[in-house]
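Protein chains in written order, with the working numbering: chain A, 28 to 293; chain B, 181 to 611.
All C-beta atoms, glycine included, are put in the ideal place defined by N, C-alpha and C.
The next block holds one structure in the form of structure tokens; read it before the comments.
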């Protein structure tokens, strides 16, 4: 009985969650007259998608976002891995204090640093560049923390064995620790990509032109409400911008969920 | 990317400009950037782009870069952050109501300190006083009206005719409005197929509400922006009337009508009347498949609507050369001919009386008399609610209004709470 109730509850919540998406899909693929009329016989059309695509440079926005999330992800992995290893397995004076300082970064809301970050970018002459969007996020306290916890769980015996075989420090990280932490990398990568794909305020503030704006900012400056809204075009644009993440989620759903379970984060 | 060298050069050029006659001034190169609150890819972007291109053709010494920043709030966030970081735009169009906040944060420069010649002074005086008022603080002019609007009533003439009403005459008073709403609302059993009136209740809730309050004979704040009068009896009447439309007369949808969907409901014939910005005029004109009318808002004690929309502001941190260049650009953007064209292209209200005397405007009005309604309403317009710490004060009113609209608070209780919250926010400025 409780099981049935749980399943009904899950379906209900799922349905509520997916409603806006369903509405967006409906509106995006039907003519504007049917934006608020539901009729099964309504003609399907791709015109909204076409005009949204033509009205704003979404291709460029996609490119920008892709460059941005790739840049951030690669840099975060490169920076966080050695840092996490040092905190997990190396002994040096002041290690715990430095680690505590890194963790403190988790407590600081990025929004507070808006002006300070902007000033830094202005000084570096980087305002209105993709690098400027990425720069504040290249080192990640969360990533370091997560990887450190994972590295600490790697059995010391494996490390010792590798050392006996004559592995250098870098080779030990690369051949022993990184492969064993793959679920954590995957989970963290997903969190990072979806966060930066969706990030809005900082990119909005620091970018000024089409060549640097990511899709979120592009979509927001596309859908300004003062002039009256054409829901069909806006939902079409929304579907366009969220589709890649949605498709990726549907394709890799199992891996997504498993990696989150194994890494113990959500 | 601008390098420090260029900044220094423009600075030097700037000091030369102050002493030099105007012919030399035209040769000094200046690069200016302005933030504009408009949807990228919408029709307005193209209009502004063409203006900027024309301006640079006529003024080869000045380079203008327009940055389209989406909504007003996003534009303000961008401009404030960038200016505080020392790399702000030279100009931006943001809400006329943000003047107090911009002054309090020490981010903008008053125009009268720069525009000092007789010609400049005449330019400052050439706008509608109703539009200038939000930018007139402490004896200075801080904002130049540009993208300005008021609220008007759009009504569906076909629905009026079907309900036996005169399609050429929209309601003049609240009593007539109630009657018209009751006659035009159409029900099929439990469902309502046509609502008498829709007043949007999200996004700019306080703005729409201010129209009702003005009509009930009250002003929401003092001119110094240090005091609000949210719970005056007139204010309560105004809110009660809005609530009665839905709860008592059942002529207005229950709860909150979305700013973005009201025009769509109107265009689909689901609402006989809507109150909305004149900025929507072109949208409705293009998409309405029926006869529609535009009318001034009705009166209870008096007629009236708040003004709305954005002003040009001059930001601190611009070099003297850039300030002069920005001024040249603003003057160019607000000439009578261009103000008229801007009004015709967008539906925003042309900001100066002589713009309405131009040939282009006369022709436009001959074909589309409704365009003049907003101008005529300016006679009775009141500045939009604007105080110190404006975003938060307006938000406290909006929150409570929405609580009342959704039925979780009574009109008086909601406005009392809004008054308390706003007074607390304004305490540091009350002096």
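Neighbour list for residue i in chain A, Cβ cutoff strictly below 8 Å
i, result
"residue 254/B", "231, 247, 248"
Partners in chain A for residue i, counting only beta-carbon separations shorter than 7 Å
i, result
"residue 248/B", "248"
"residue 258/B", "231, 232"
is_contact[residue i, chain B] using C-beta, thresh 8 Å
i, result
"residue 142/A", "yes"
"residue 145/A", "yes"
"residue 32/A", "no"
"residue 38/A", "no"
"residue 47/A", "no"
Within chain B, the residues that residue i reaches when beta carbons sit closer than 7 Å
i, result
"residue 235/A", "247"
C-beta neighbour in chain A for residue i, strict 8 Å
i, result
"residue 484/B", "no"
"residue 266/B", "yes"
"residue 261/B", "yes"
"residue 610/B", "no"
"residue 603/B", "no"
Within chain B, the residues that residue i reaches when beta carbons sit closer than 9 Å
i, result
"residue 258/A", "440, 441, 444"
Near the ligand SAH: residue i beta-carbon under 7 Å from a heavy atom
i, result
"residue 432/B", "Although the ligand SAH was asked about, the structure shown includes no ligands whatsoever."
Check: Are the region 415-430 of chain B and the region 582-591 of chain B touching, with three or more C-beta to C-beta distances below 8 Å?
Finding: yes
Next item on the list: Quick one: which residues of the region 148-168 of chain A get their C-beta closer than 7 Å to a C-beta of chain B? List them in chain order.
Entry: Those residues of the region 148-168 of chain A that come within reach of chain B (Cβ to Cβ, closer than 7 Å) are 149, 152, 154.
Margin query: Taking contact to mean 3 or more Cβ pairs, one atom from each stretch, closer than 8 Å, check whether the region 230-249 of chain A and the region 76-87 of chain A are in contact.
Written below: Yes, the region 230-249 of chain A touches the region 76-87 of chain A.
Item checked: Contact between the region 513-525 of chain B and the region 237-255 of chain B (3+ Cβ pairs under 8 Å) -> no
Notebook entry, point to check: Is there contact between the region 223-240 of chain B and the region 208-226 of chain A, where contact requires at least three CB pairs shorter than 8 Å?
Noted result: no
Next item on the list: Evaluate contact between the region 559-571 of chain B and the region 391-401 of chain B, counting only Cβ atoms and requiring at least three cross-stretch pairs below 8 Å.
Entry: yes
Checklist line | Contact the region 262-281 of chain B vs the region 464-479 of chain B: 3+ CB pairs below 8 Å | finding: no
Notebook entry, point to check: Does the region 185-199 of chain A come within contact of the region 153-161 of chain A, defined as at least 3 CB pairs closer than 8 Å?
Noted result: no
Check: Should the region 445-454 of chain B be regarded as contacting the region 316-329 of chain B, the criterion being three or more beta carbon pairs within less than 8 Å?
Finding: no
Check: Counting pairs of beta carbons, one from the region 125-134 of chain A and one from the region 84-98 of chain A, are three or more of them closer than 8 Å?
Finding: no
Check: So, do the region 137-152 of chain A and the region 222-235 of chain A have three or more beta carbon pairs nearer to each other than 8 Å?
Finding: yes
Next item on the list: Run through the region 322-402 of chain B for me and flag every whole beta strand (DSSP E) of 3 or more residues, listed as ranges in chain order.
Entry: 324-336, 366-368, 371-378
Check: Three or more beta-carbon pairs under 8 Å between the region 191-205 of chain A and the region 107-116 of chain A, yes or no?
Finding: yes
Margin query: Ignoring anything shorter than 4 residues, give me the alpha helix (DSSP H) runs that lie fully in the region 487-557 of chain B, in order along the chain.
Written below: You should have 500-513, 516-526, 539-547, 552-557.
Margin query: I'd like the ranges of any beta strand (DSSP E) spanning at least 3 consecutive residues and lying wholly in the region 224-250 of chain B.
Written below: 242-248
Notebook entry, point to check: At what residue ranges does the region 45-99 of chain A contain a whole run of the beta strand (DSSP E), taking only runs of 3 or more?
Noted result: none
Checklist line | Runs of alpha helix (DSSP H) lying entirely within the region 198-227 of chain A, each at least 4 residues, in chain order | finding: 209-225
Check: Any contact of the region 423-438 of chain B with the region 368-387 of chain B, i.e. 3+ C-beta pairs under 8 Å?
Finding: yes
Next item on the list: Evaluate the contact criterion for the region 512-522 of chain B versus the region 351-359 of chain B: three or more CB pairs, one atom per stretch, below 8 Å.
Entry: Taking a cut-off of 8 Å for Cβ pairs, the region 512-522 of chain B and the region 351-359 of chain B do not touch, as fewer than three such pairs fall below it.
Margin query: Using 8 Å as the cut-off, can you tell me whether the region 490-505 of chain B makes contact with the region 459-470 of chain B, which would need three or more C-beta pairs spanning the two stretches below that distance?
Written below: no
Margin query: Runs of 4 residues minimum, wholly inside the region 394-468 of chain B: which ones carry the alpha helix (DSSP H) assignment?
Written below: 413-427, 442-447, 461-467
Checklist line | Cβ contact check for the region 526-544 of chain B and the region 305-316 of chain B: 3 or more pairs under 8 Å | finding: A contact is defined here as three or more CB-CB pairs under 8 Å, and the region 526-544 of chain B meets this definition with respect to the region 305-316 of chain B.
Notebook entry, point to check: If we count Cβ pairs, one from each stretch, closer than 8 Å, do we get three or more for the region 159-170 of chain A versus the region 100-107 of chain A?
Noted result: yes
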